[in-house]
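K.L.:
Take 1 as the starting number for the sequence shown in the numbering used here and just add one per residue.
Ideal Cβ positions, reconstructed from N, Cα and C, are used throughout, including at glycine.
Being a predicted model, the structure only gives us computed values, none of them experimental.
I have a structure I would like to understand better, so I am pasting it below and will then ask my questions one at a time.
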Amino acid sequence: MSDTRPKTLADAVRRLRAGDPAGAWAVLPESLRDLARRAGDGLTRLRGGSRPDAAASSAGRVLSETYAGPPGQRAYRLYVPAGYRGRPVPLVVMLHGCTQSPEDFAAGTGMNALAEAETFLVAYPEQTRRANQALCWNWFSPADQPRDRGETGVIAGITRAVMAAYAVDPRRLYIAGLSAGGAAAANVASAYPDLYAAVGVHSGLCALAARDLPGALAAMRDGAAGQAPPIPTIVFHGDRDATVNPKNGAALISATGGRLIRREDGRSPNGRAFEKSLYADETGRPAHEHWVIHGSGHAWSGGNPAGSYTDPQGPDAAREMWRFFKEHPRRG
């Protein structure tokens, strides 16, 4: 029997060069995927990284749950760390990007491993193909943007369902997402500033950046103005992103109305240079951050290659988002 691995690897490389990391991963046989995972973990350790594969290292539980309420119904995964003992802990809601699943997003971001180390809950709402064939959150649909309606209402409903079932600190509720999930996170945070304390948007767009699919495609291509959630906001975007124009990240930070107080240049231990800008709110307190990752495309910065749409060479977006969230409990 002839060995088809060279042809398979060549196909995977071709897909990667074409900007299709999910397709590249899909064509690899499981034996090569396992090798890639183990190699990725080894490289992370050699480069000074500290986050292991989330699925392999987590000692907590991953629960499959379903929310159903007036806005609609969605399944979600909930990560409960081993250290949870019934005392109030933070909750982070994570919204995956197009073509992704909660499991894929959890593996790529490594958020479960962070939750295990820091003792917080993580909820991963799951989009359905019935709602969107590409599994994108419908951030551009007027039916899914308002408070208590559509997907925005469902995601808030999932948040409240977790709060009802577990001891959650109501001052430490956070939401984040990638790409379409990032745009949806901005929408949800804008609709519920009384629920969430801070928001993280990775490779996403402003809240209400579009009102239909043609407008969404134009916003992704060219950049678009919109609204910023009236809560602390951290934005990550690669300056080589060919899927969602990096102008969108800059537009979101601009919409916060924050005043630039410091700009820093740095380099990730894994190789990528970045620019970090810190902005103050109207009281003069640091409230918003904008990270521009040089040379990175449409991918979660510092992510694990076990998941799709990740860039292991960038600064660790999950860790930095969690650090930012810890600094910003909800006021009042």
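Are there 16 or more other CB atoms within 10 angstroms of the CB of A306, so buried, or fewer, so exposed?
P.N.:
So A306 counts as buried.
K.L.:
With a floor of 3 residues, list each beta strand (DSSP E) that falls wholly inside the segment 45-126, ordered by position along the chain.
P.N.:
List check, beta strand (DSSP E) in window: 61-69, 72-80, 89-95, 121-125.
K.L.:
Give me, in chain order, the residues of the same chain whose beta-carbon lies closer than 8 Å to that of K221; leave out the 5 immediate sequence neighbours on both sides.
P.N.:
Checking the displayed sequence, the identity of residue 221 turns out to be Arg instead of Lys. Taken in chain order, the residues that qualify are N245.
K.L.:
Give the DSSP-derived three-state secondary structure of W300 in the structure shown.
P.N.:
Strand, per DSSP.
K.L.:
Shortest alpha-carbon distance to E335 belongs to which of R160, N138, A161?
P.N.:
Examination of residue 335 is not possible in this model, given that the chain is present from 1 through 332 alone.
K.L.:
Please report the straight-line C-alpha distance between M163 and P88, rounded to a whole angstrom.
P.N.:
Whole-angstrom Cα-Cα distance: 10 Å.
K.L.:
Thinking L208 and N187 are a contact (beta carbons under 8 Å), I'd like their distance in whole angstroms, please.
P.N.:
Right, the Cβ-Cβ distance comes to about 7 Å (below 8 Å), so this counts as a contact.
K.L.:
Which stretch, first to last residue, makes up the beta strand (DSSP E) that contains E275?
P.N.:
Counting along the chain, the beta strand (DSSP E) containing E275 begins and ends at 273-280.
K.L.:
Please give me, in chain order, every unbroken run of the beta strand (DSSP E) with length at least 3 that falls completely inside the segment 137-196.
P.N.:
Runs found: 168-178.
K.L.:
Does the beta carbon of T128 fall short of 7 Å from some heavy atom of the ligand GDP?
P.N.:
As far as ligands go, the structure on display features none, and thus does not contain the ligand GDP.
K.L.:
Can you name, in chain order, every residue of its own chain whose Cβ lies under 8 Å from the Cβ of L46, other than the five neighbours on each side?
P.N.:
Bear in mind that the predicted position of L46 carries a pLDDT of just 32, short of 50, making it too unreliable to give a figure here.
K.L.:
Give the DSSP-derived three-state secondary structure of D222 in the structure shown.
P.N.:
Residue state, collapsed to three classes: helix.
K.L.:
Rounded to whole angstroms, how far is the Cβ of R267 from the Cβ of L278, which I believe are closer than 8 Å?
P.N.:
With 8 Å as the limit, R267 and L278 do not qualify as a contact, their Cβ atoms being about 18 Å apart.
K.L.:
May I ask you to report which of helix, strand or coil DSSP gives G332?
P.N.:
Coil at G332, not helix or strand.
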